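Notes to accompany the following structure.
Numbering (the UniProt record's numbering), first residue to last: 1 to 287.
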């Protein structure tokens, strides 16, 4: 079992809404960000209790929208532990200048949020030509882009992966595949087909461990197939804390239990190796 853990999907919410006002995407703030907000110091306490060393904190899109001020400021307070993943309007005329400005404040990755807790997925603009300049820029600068979408968006993800082979794409929650049919998981054909693109990575979160439990699936059957397609060097763990209910420690334990069937080298990749490759600031110890 791995003894090093990096989390590439925690969120933070400041208690100071004068300094960091809410401005959620789609105009509706998520219930989790109101009911169980966690600031950077509370996140550190959770991580320490769970035994998690470092993290790539992801912008809370359903609280702050495109204003990455808090995630950048929070990570800058603890540069030896965190790096920031933010969101911008990728189709805006000044998108490149905005991206560079946030990079100057510590951003080392972007997130494309097409829906989720407050709105059904809308992928209509995911591959809009106006965003291509940002996709190309991220490939040149080594900034991975994580995408929050469902199976509905996978055809567009494939097109983006093909058009921008130098840009690393991370699918939040594996893009929420349907695995309810059990092995060989034919309902998740979209997920399996994307493995042909070596610039596509998967974010392994409680939304996946919950799906495995809900479907009554033998974990080995699912994870063996997963690794046969992607390999552990393209899978990284993320807590989705506090958006997912439960403590960070309990969410991590669920992931540990489910992939305990895998070789230690694969567990190490999933729990920290792939994260360090995607976000070198974590490996280097400074954002």
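Note that CB positions come from ideal geometry on N, CA and C, so glycine has one too.
Computed from a predicted model, the values in this text were never measured in an experiment.
Under 9 Å between C-beta atoms of residue i and residue j
| i | j | result |
| --- | --- | --- |
| residue 12 | residue 52 | no |
| residue 249 | residue 204 | no |
| residue 226 | residue 217 | no |
| residue 116 | residue 61 | yes |
| residue 172 | residue 149 | yes |
| residue 201 | residue 262 | no |
| residue 247 | residue 35 | no |
| residue 268 | residue 219 | no |
| residue 221 | residue 265 | no |
| residue 145 | residue 175 | no |
Inter-residue Cα distance where the pair is residue i and residue j
| i | j | result |
| --- | --- | --- |
| residue 89 | residue 132 | 12 Å |
| residue 125 | residue 96 | 17 Å |
| residue 279 | residue 110 | 11 Å |
| residue 135 | residue 238 | 23 Å |
| residue 289 | residue 70 | Because residue 289 is not part of the residues shown, which for the chain are 1 to 287, the question remains open. |
| residue 170 | residue 84 | 15 Å |
| residue 199 | residue 114 | 20 Å |
| residue 82 | residue 59 | 13 Å |
| residue 253 | residue 232 | 18 Å |
| residue 208 | residue 167 | 24 Å |
| residue 20 | residue 63 | 10 Å |
| residue 106 | residue 213 | 37 Å |
| residue 160 | residue 17 | 36 Å |
| residue 14 | residue 242 | 13 Å |
| residue 91 | residue 112 | 11 Å |
| residue 123 | residue 46 | 34 Å |
| residue 4 | residue 244 | 22 Å |
| residue 158 | residue 189 | 13 Å |
| residue 289 | residue 210 | Coverage of the chain is limited to positions 1 through 287, which leaves residue 289 absent and any answer about it impossible. |
| residue 79 | residue 94 | 28 Å |
| residue 121 | residue 100 | 28 Å |
| residue 37 | residue 185 | 36 Å |
| residue 86 | residue 251 | 23 Å |
8 Å CB neighbourhood of residue i in its chain, flanking five on each side removed
| i | result |
| --- | --- |
| residue 103 | 141, 143 |
| residue 77 | 40 |
| residue 187 | 177, 178, 179, 180, 181 |
| residue 162 | 197 |
Cβ-based neighbour list, residue i, same chain, cut-off 6 Å, excluding 5 preceding and 5 following
| i | result |
| --- | --- |
| residue 98 | 88 |
| residue 240 | 9, 205, 206 |
| residue 180 | 215 |
| residue 6 | 54, 272, 275, 282 |
| residue 118 | 26, 28, 30, 62 |
| residue 108 | 83, 279, 281 |
| residue 228 | none |
Other residues of its chain near residue i: CB distance less than 7 Å, five sequence neighbours each side excluded
| i | result |
| --- | --- |
| residue 67 | 23 |
| residue 230 | 195, 202 |
| residue 164 | 135, 136, 139 |
| residue 270 | 204, 232, 235, 236, 237, 259 |
Near the ligand COA: residue i beta-carbon under 8 Å from a heavy atom
| i | result |
| --- | --- |
| residue 83 | The ligand COA is not part of this structure, which contains no ligands at all. |
Query raised in the report: Mind pulling the alpha helix (DSSP H) runs of 4 or more residues that sit fully within the stretch 144-230?
Result: If only complete runs of 4 or more residues are kept, the stretch 144-230 shows the alpha helix (DSSP H) at 154-163, 189-194, 206-214, 219-229, in order along the chain.
Requested in this report: Kindly confirm or deny that the stretch 42-51 and the stretch 269-279 touch, where touching means at least three C-beta pairs closer than 8 Å.
Outcome: Contact between the stretch 42-51 and the stretch 269-279 is absent: fewer than three C-beta pairs spanning the two stretches fall below 8 Å.
Query - Cβ contact check for the stretch 28-35 and the stretch 70-85: 3 or more pairs under 8 Å - result: The stretch 28-35 vs the stretch 70-85: no contact.
Query raised in the report: Hey, is the stretch 181-196 in contact with the stretch 149-165, meaning 3+ C-beta pairs nearer than 8 Å?
Result: With the cut-off at 8 Å, the stretch 181-196 and the stretch 149-165 touch.
Query raised in the report: Which residue spans inside the stretch 240-277 form an unbroken alpha helix (DSSP H) run of at least 4?
Result: Within the stretch 240-277, the complete alpha helix (DSSP H) segments at least 4 residues long are 248-258, 264-268, listed from N- to C-terminus.
Query raised in the report: Residue ranges of each beta strand (DSSP E) run of no fewer than 3 residues wholly in the stretch 83-153, ordered along the chain?
Result: Taken in chain order, the whole beta strand (DSSP E) runs of length 3 or more contained in the stretch 83-153 are 107-113, 145-148.
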